[in-house]
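S.K.: What follows is a single structure, and I will ask about it in a moment.
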Amino acid sequence: MDAKTIGTSGGRAKAHQGARYRRKRDALLDAATVLINEHGAKATTLQAVSRAVELSTTSVTYYFPRKDVLAAAVFERAIGRLREYVDEAAKEPTPRERVRRLLELHINLRAAVIDETDVPIATLSEVRTLDDPIRVPLLEQYVDLFRATRALWGDFSAREKTLITARTHLLQETIFWMPVWLARFPADEFPRVHRQLFDLFDNGLALPDTTWSPMDLPRDADGEPLGDEERGAPNFLGVATRLINESGYRGASVTRIVDELQVTKGSFYHHLDTKDDLVLECFRRTFSRMSAVQTAAGAMGESQWKHLEAMMSYLMDLQFDGEFPLTRTSALQALPADVRNEVLANSDQAALRFGNTLVEGAQEGSIRTVNPLIASQTIAAMLNSAYDLRKWAATMDRKTAIRIYASCLTQGMFADPAMILGEG
Numbered sequence: 060m061d062a063k064t065i066g067t068s069g070g071r072a073k074a075h076q077g078a079r080y081r082r083k084r085d086a087l088l089d090a091a092t093v094l095i096n097e098h099g100a101k102a103t104t105l106q107a108v109s110r111a112v113e114l115s116t117t118s119v120t121y122y123f124p125r126k127d128v129l130a131a132a133v134f135e136r137a138i139g140r141l142r143e144y145v146d147e148a149a150k151e152p153t154p155r156e157r158v159r160r161l162l163e164l165h166i167n168l169r170a171a172v173i174d175e176t177d178v179p180i181a182t183l184s185e186v187r188t189l190d191d192p193i194r195v196p197l198l199e200q201y202v203d204l205f206r207a208t209r210a211l212w213g214d215f216s217a218r219e220k221t222l223i224t225a226r227t228h229l230l231q232e233t234i235f236w237m238p239v240w241l242a243r244f245p246a247d248e249f250p251r252v253h254r255q256l257f258d259l260f261d262n263g264l265a266l267p268d269t270t271w272s273p274m275d276l277p278r279d280a281d282g283e284p285l286g287d288e289e290r291g292a293p294n295f296l297g298v299a300t301r302l303i304n305e306s307g308y309r310g311a312s313v314t315r316i317v318d319e320l321q322v323t324k325g326s327f328y329h330h331l332d333t334k335d336d337l338v339l340e341c342f343r344r345t346f347s348r349m350s351a352v353q354t355a356a357g358a359m360g361e362s363q364w365k366h367l368e369a370m371m372s373y374l375m376d377l378q379f380d381g382e383f384p385l386t387r388t389s390a391l392q393a394l395p396a397d398v399r400n401e402v403l404a405n406s407d408q409a410a411l412r413f414g415n416t417l418v419e420g421a422q423e424g425s426i427r428t429v430n431p432l433i434a435s436q437t438i439a440a441m442l443n444s445a446y447d448l449r450k451w452a453a454t455m456d457r458k459t460a461i462r463i464y465a466s467c468l469t470q471g472m473f474a475d476p477a478m479i480l481g482e483g
């Protein structure tokens with residue numbers, strides 16, 4: 060065998076080894092993605108990943124020496140896949156077609172996951188639970204992804220940036236929340252779901268010539284959760300909710316909560332048995348507050364459109380204020396299974412209330428006809444994720460911020476910016 064033959068053979072062997080390495084590495088990332096989506100990043104261990112792929116933990120550490128390295132690789136790949144979808148959508152000629160295509164790509168992915176021909180994208184909300192050396196570079200990559208997604212709307216002025224940023228935020232939050240509610244539809248209905256979801260984004264909820272002028276609900280419309288001094292628990296709930304929203308389920312530790320309140324752990328456990336009890340109570344209180352606001356709006360005796368406006372305005376104001384916001388559902392995948400199931404059931408009930416408003420509004424002619432299941436889940440995602448727009452909202456008058464963010468659903472994603480920004 061001559062040197063040339065030996066060299067060719069050696070090259071093929073290296074290529075084979077490289078392909079084998081990539082296959083095993085991808086298999087580990089696939090398994091870790093599923094585990095992180097189910098249990099959260101902090102609860103996903105190298106041992107659990109090794110069991111999922113039937114390898115020894117030592118073999119896993121050959122590819123990923125530490126758990127945080129594996130988590131970083133999972134999220135980096137997730138952001139990369141999301142960016143590929145955005146880049147594919149960006150090839151379309153208009154903002155409408157780009158957004159339509161992006162939604163289609165993600166709905167097609169869900170169908171492929173159900174068929175087990177593809178794996179899901181890791182839920183990025185868990186990035187906030189990671190330590191700074193891992194988290195900060197990932198957040199920088201996410202900012203680049205956000206900007207690329209915002210560019211789907213094409214060129215916009217400095218004044219229009221505020222509105223386009225809000226639209227981009229809602230689009231991404233809808234995509235992130237979509238796997239939760241899309242499972243309620245059979246896969247062969249996904250093309251119809253895509254059409255109906257895009258119709259919602261294209262045309263909005265409001266009838267033509269409808270203006271945004273929400274009724275003012277009473278200040279205690281959400282039940283005044285901070286007024287329960289007898290139990291003392293709301294102090295814990297307020298701090299815990301904020302920490303969950305900012306750092307996820309694992310980040311809201313008992314130590315951080317009691318340190319912020321400057322009380323002892325004994326005081327905490329006097330009111331609550333475990334941290335899971337606290338987290339569940341945070342979610343229960345959130346859904347109780349949402350229900351109270353929905354009831355208060357319904358009691359105003361005006362049209363269903365006016366009820367919807369009032370609900371959205373009041374709940375967005377809670378989220379933008381940030382002092383005692385609604386608990387973000389981004390903590391879901393890290394919750395214990397029994398807690399998660401109750402939270403999802405309560406979330407569905409809250410969405411159903413929005414759905415009933417939409418149905419009756421269409422019947423009376425005050426709200427445009429839309430798919431109430433899809434629209435109600437999108438409204439819930441919009442209100443829930445408003446917490447992440449606190450800094451954005453702080454750059455303008457609160458009522459203006461609420462109106463601009465609400466317009467993403469009420470007027471649609473492509474309404475003339477001059478019309479939206481020129482109102483009020």
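When you line the sequence shown up against the numbering used here, it's residues 60 to 483, in that order.
Every residue gets a Cβ at the ideal spot worked out from N, C-alpha and C, and that includes glycine.
Leaving aside the five residues before and after Leu-129 along the sequence, list all residues of the same chain whose C-beta is less than 6 Å from its C-beta, in chain order.
M.R.: Numbered from 1 along the sequence shown, position 70 holds the residue referred to as residue 129. Hits under 6 Å: Ala-91 and Phe-123.
S.K.: May I ask which residues mark the beginning and end of the alpha helix (DSSP H) holding Val-45?
M.R.: Because the chain spans 60 through 483 in this model, residue 45 falls outside it and cannot be assessed.
S.K.: How long is the line joining the alpha carbons of Val-398 and Phe-215, rounded to whole angstroms?
M.R.: Taking the sequence shown and counting its residues from 1, one reaches residue 398 at position 339. Taking the sequence shown and counting its residues from 1, one reaches residue 215 at position 156. Using only the alpha carbons, I get a separation of about 44 Å.
S.K.: Kindly list the residues whose CB is nearer than 7 Å to the CB of Tyr-464, restricted to its own chain and excluding five residues on each side of it in sequence; keep chain order.
M.R.: If you number the sequence shown from 1, residue 464 lands on position 405. Contacts found: Ala-225, Met-375, Ala-445 and Leu-448.
S.K.: Use the C-beta contact count for Asn-443: other C-beta atoms within 10 angstroms, 16 or more gives buried, fewer gives exposed.
M.R.: Translated into positions along the sequence shown, residue 443 becomes position 384. Flag for Asn-443 reads buried.
S.K.: Enumerate in chain order the residues of its own chain whose CB-to-CB distance from Leu-88 is below 7 Å, with the five nearest sequence positions on each side excluded.
M.R.: Your numbering for residue 88 matches position 29 in the sequence shown. So the list reads Ala-132, Val-133 and Arg-136, once near-sequence residues are dropped.
S.K.: So the candidates are Gly-325, Met-370 and Leu-480; which of them puts its Cα closest to the Cα of Asp-29?
M.R.: Outside the displayed span of the chain (60 to 483) sits residue 29, for which this structure offers no information.
S.K.: Compare the C-beta of Ala-409 with all C-beta atoms of chain C and state if any pair is closer than 8 Å.
M.R.: Looking at the structure shown, chain C is missing, and only one protein chain is on hand.
S.K.: Alpha carbon to alpha carbon, how far is Arg-343 from Ser-406? Give it in angstroms, no decimals.
M.R.: Here residue 406 is taken as the residue at index 347 of the sequence shown, counted from 1. Here residue 343 is taken as the residue at index 284 of the sequence shown, counted from 1. As the crow flies, the alpha-carbon of Ser-406 is around 10 Å from that of Arg-343.
S.K.: Could you check whether the segment 415-429 touches the segment 185-204, counting it as contact only if at least three pairs of C-beta atoms, one from each stretch, sit closer than 8 Å?
M.R.: no
S.K.: Ala-100 and Glu-185: beta carbons closer than 8 Å?
M.R.: Against the sequence shown, residue 100 aligns to sequence position 41. Against the sequence shown, residue 185 aligns to sequence position 126. Result yes, Cβ atoms of Ala-100 and Glu-185 sit closer than 8 Å.
S.K.: Where does Met-237 land, buried or exposed, given buried means 16+ other C-beta within 10 angstroms?
M.R.: The residue you call residue 237 lines up with position 178 of the sequence shown. Buried, because 16 or more other Cβ atoms sit within 10 Å of the Cβ of Met-237.
S.K.: Taking Thr-437 as part of the alpha helix (DSSP H), name the residues at either end of that continuous run.
M.R.: On the sequence shown, residue 437 is found 378 positions in, with the first residue counted as 1. Its alpha helix (DSSP H) spans residues 431-444.
S.K.: Thinking C-alpha only, which one of Leu-168, Ala-474, Gln-106 and Ala-265 is nearest Leu-141?
M.R.: What you label residue 141 is simply residue 82 of the sequence shown in a count that begins at 1. Closest option to Leu-141, Cα to Cα, is Leu-168.
S.K.: DSSP three-state label for Pro-238, please.
M.R.: Walking along the sequence shown from the start, residue 238 turns up at place 179. Looking at Pro-238 - three-state DSSP - the assignment turns out to be helix.
S.K.: Report the rounded CA-to-CA distance for Val-145 versus Val-172, giving the unit in angstroms.
M.R.: Within the sequence shown, numbered from 1, the residue matching residue 145 stands at position 86. Within the sequence shown, numbered from 1, the residue matching residue 172 stands at position 113. The alpha-carbon atoms of Val-145 and Val-172 are separated by roughly 19 Å.
S.K.: Please report the distance separating the alpha-carbon of Arg-155 from that of Asp-85.
M.R.: Counting from 1 along the sequence shown, the entry for residue 155 is found at position 96. Counting from 1 along the sequence shown, the entry for residue 85 is found at position 26. So the two alpha carbons sit approximately 34 Å from each other.
S.K.: What distance in whole Å lies between the Cβ atoms of Glu-423 and Ser-362, which are believed to be in contact at a cut-off of 8 Å?
M.R.: Here residue 362 refers to the residue found at position 303 of the sequence shown. Here residue 423 refers to the residue found at position 364 of the sequence shown. Between Glu-423 and Ser-362 the Cβ distance is about 6 Å, and since that is below 8 Å, they are a contact.
S.K.: Where does Glu-289 sit, in a helix, a strand or coil, going by DSSP?
M.R.: Position 230 of the sequence shown holds residue 289. In this predicted model, Glu-289 has a pLDDT of only 39, less than 50, meaning its place in the structure is not dependable enough to derive any value.
S.K.: Out of Thr-314, Gly-307, Thr-117 and Asp-177, state which residue places its alpha-carbon closest to the alpha-carbon of Phe-295.
M.R.: As a position in the sequence shown, residue 295 is number 236, starting the count at 1. For Phe-295, the nearest C-alpha among the options comes from Thr-314.
S.K.: For the alpha helix (DSSP H) containing Phe-473, name the first residue and the last one.
M.R.: Here residue 473 corresponds to residue number 414 of the sequence shown, with the count starting at 1. Boundaries for Phe-473: no alpha helix (DSSP H) harbours it, and the DSSP string shows neither H nor E there.
S.K.: Output the distance between the C-alpha atoms of Ser-312 and Phe-346, rounded to the nearest integer angstrom.
M.R.: One-based indexing of the sequence shown puts residue 312 at position 253. One-based indexing of the sequence shown puts residue 346 at position 287. Computed Cα separation, rounded: 22 Å.
S.K.: My assumption, with CB atoms under 8 Å, is that Leu-164 sits in contact with Glu-147. Please give the rounded CB distance.
M.R.: The residue you call residue 164 lines up with position 105 of the sequence shown. The residue you call residue 147 lines up with position 88 of the sequence shown. Confirmed, about 6 Å.
S.K.: From Leu-204 to Gly-139, what distance separates their C-alpha atoms?
M.R.: On the sequence shown, position 145 is the one that residue 204 refers to. On the sequence shown, position 80 is the one that residue 139 refers to. Counting only the Cα atoms, Gly-139 lies some 9 Å from Leu-204.
S.K.: CB Gly-263 to CB Gly-471, shorter than 8 Å?
M.R.: Your numbering for residue 263 matches position 204 in the sequence shown. Your numbering for residue 471 matches position 412 in the sequence shown. Cβ distance < 8 Å, so Gly-263 and Gly-471 count as in contact.
S.K.: Is Lys-458 helix, strand or coil by DSSP?
M.R.: Residue mapping note: residue 458 aligns to position 399 of the sequence shown, counting from 1. Reduced to three states, the DSSP call for Lys-458 is helix.
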